[in-house]
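Residue numbers (UniProt numbering): 1 to 458.
Read the structure below first, then the notes.
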């Protein structure tokens with residue numbers, strides 16, 4: 001990172017207008033960044049769903065509500081029946097593109113309001129890549145009132161780099177990067193197939209955008225366009241966590257994972273938490289100290305029978321382990337017929353950070369937000385997920401040496417027990433996890449974001 005202080009003295013801070021798709025994994029990092037920017041003297045407006053009103057206001061930003069609701073029965077049913085690229089294409093159409101008729105006019109109105117309230121001030125858009133709130137402008141939609149050009153824009157991407165490449169396969173099959181000309185030919189063949197398959201997505205986008213004022217058809221490969229919004233696209237992780245590319249887009253900037261946020265001072269701990277604290281105080285080499293396994297299945301597409309319940313059953317008889325499981329939503333419970341061992345502690349909803357500070361291994365379905373939580377705590381992982389981007393997240397985690405990828409949505413108890421034991425018994429997983437943690441910390445994500453914003457200040 002350069003000298004932010006010297007940039008501040010030379011340039012007035014612009015107004016930040018942030019927008020994120022209204023789902024948890026798309027907002028948590030953006031809210032963290034908003035809090036940092038407000039503390040450093042930026043005025044921030046933030047457009048997102050009502051689930052995030054409280055945290056956004058707590059960050060110090062001005063909250064603007066997006067009423068779009070993506071968790072519909074139709075979406076849940078659709079995504080539950082598809083894997084890999086098919087589930088991702090389904091989500092692009094049925095979730096992200098369908099949100100555009102709500103999100104785009106709202107964001108236009110927000111930009112106009114910001115101009116009215118801050119005449120003469122520079123505006124910079126901080127755009128979560130899947131927010132679906134700006135793309136019609138790239139296809140001829142009229143600019144918001146008060147602007148003679150679209151403001152400078154920073155694109156914040158909350159998952160893997162899914163841009164086209166000569167070396168990296170498309171999202172879906174979760175294959176390692178090509179290492180020979182023969183494999184690169186296979187990569188090209190798969191990209192060509194996906195581009196052909198996604199033409200209906202372009203047609204769908206064109207029709208939506210034209211209802212919002214666009215004058216041109218969407219002819220770009222949609223995946224590439226999402227990675228090229230604005231002046232720069234920020235990836236909130238380190239280069240070692242992504243497959244290497246000989247043709248990396250110069251717009252891509254690896255900024256490192258966002259730092260761990262302090263535990264809320266008023267967090268209510270479960271009554272058994274002193275047991276966890278006492279265990280953590282024991283010497284690492286003590287035979288009385290138990291390993292802590294943290295199991296979760298995310299917060300959106302949650303079927304506990306796929307991962308969480310098999311993991312609890314796989315470890316039920318293990319007196320050498322404490323297993324902590326979170327169900328991902330307040331008030332949730334496991335079915336009455338689910339029995340688990342005396343070593344298991346189940347919570348409906350709880351701070352990942354609080355548990356990961358005590359955990360030795362993290363078992364999850366590879367949602368990108370959960371994955372980054374494991375990274376910033378230096379906790380090795382066992383991953384099991386094939387929906388949306390999860391297979392590709394898992395493949396990259398295994399490639400960089402911080403996880404075992406079970407390559408399935410529904411692992412067996414035996415596979416889970418074997419993988420968890422391997423991570424606990426082989427020091428290389430913990431050692432590599434600490435290396436990746438330090439690599440991310442050294443990139444100073446929040447400071448880097450602030451510097452990038454200030455380089456575009458006028």
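In this text, a Cβ means the ideal position worked out from N, Cα and C, and glycines have one as well.
Beta-carbon separation (whole angstroms), residue i vs residue j, contact threshold 8 Å
i	j	result
residue 237	residue 440	7 Å
residue 44	residue 38	6 Å
residue 429	residue 397	Contact flag wrong, Cβ pair sits at about 11 Å.
residue 56	residue 34	7 Å
residue 336	residue 290	Residue 336 to residue 290, Cβ: 28 Å. No contact.
residue 417	residue 394	So it is not a contact: roughly 18 Å between Cβ atoms.
residue 139	residue 215	7 Å
residue 50	residue 65	6 Å
Nearest residue (CA-CA) to residue i, options the options
i	options	result
residue 387	202, 443 and 171	171
residue 347	358, 341 and 334	334
residue 516	20, 81 and 97	The requested residue 516 does not occur in the structure, where the chain is confined to residues 1 to 458.
residue 281	104, 364, 64 and 359	359
residue 450	258, 134 and 434	258
residue 133	423, 104 and 436	104
residue 253	261, 242 and 81	242
residue 462	444, 58, 159 and 18	Beyond the ends of the chain as shown, which are 1 and 458, falls residue 462; an answer cannot be given.
residue 58	68, 36, 67 and 69	36
residue 265	150, 406 and 351	351
residue 98	68, 114 and 362	68
residue 175	201, 219, 342 and 407	407
residue 380	400, 51, 167 and 194	400
residue 180	166, 192 and 190	166
residue 375	384, 389, 353 and 329	353
residue 25	148, 190 and 373	373
residue 201	27, 262 and 90	90
residue 329	239, 296 and 18	296
residue 307	149, 411 and 13	411
residue 217	53, 208 and 446	208
residue 405	392, 414 and 413	392
residue 147	115, 317 and 141	115
residue 438	426, 182, 128 and 378	378
residue 60	318, 18 and 325	18
residue 341	310, 331, 362 and 349	310
residue 121	263, 402 and 13	13
residue 357	285, 106, 261 and 409	261
As assigned by DSSP and simplified to three states, the class of residue i
i	result
residue 453	helix
residue 287	coil
residue 253	strand
residue 178	coil
residue 9	Confidence at residue 9 is low in this model, with a pLDDT of 49, below 50, so the placement of that residue is unreliable and no value is reported for it.
residue 38	helix
residue 447	helix
residue 458	coil
residue 346	strand
residue 403	strand
residue 423	helix
residue 27	helix
residue 332	coil
residue 112	helix
residue 92	helix
residue 509	Look at the range of the chain in this structure, 1 to 458, and you will see that residue 509 is not part of it.
residue 413	helix
residue 263	coil
residue 306	coil
residue 243	coil
Sheet register partners of residue i (DSSP bridge)
i	result
residue 186	Note: residue 186 sits in no beta bridge, so no partner.
residue 341	Beta-bridge pairing links residue 341 to no other residue.
residue 232	154
residue 294	324 and 362
residue 63	46
residue 125	17 and 153
residue 56	DSSP lists no partner for residue 56.
Extent of the continuous beta strand (DSSP E) run through residue i
i	result
residue 46	44 to 49
residue 152	152 to 156
residue 363	361 to 364
residue 383	381 to 383
Continuous alpha helix (DSSP H) stretch holding residue i: start and end
i	result
residue 439	427 to 443
residue 276	273 to 281
residue 270	Where residue 270 is concerned, there is no enclosing alpha helix (DSSP H), given that its DSSP letter is neither H nor E.
residue 138	That residue, residue 138, is in no alpha helix (DSSP H); it is neither H nor E in DSSP.
residue 205	199 to 211
residue 374	368 to 377
residue 224	222 to 226
residue 316	Per DSSP, residue 316 belongs to no alpha helix (DSSP H) and is neither H nor E.
residue 168	Run containing residue 168: none; DSSP gives neither H nor E here.
residue 353	352 to 356
CB contact check: residue i to chain C, cutoff 9 Å
i	result
residue 446	Looking for chain C here will not work: only one protein chain is present.
Residue i: CB within 8 Å of a non-hydrogen atom of the ligand ADP
i	result
residue 422	No copy of the ligand ADP occurs in the structure displayed, which carries no ligand at all.
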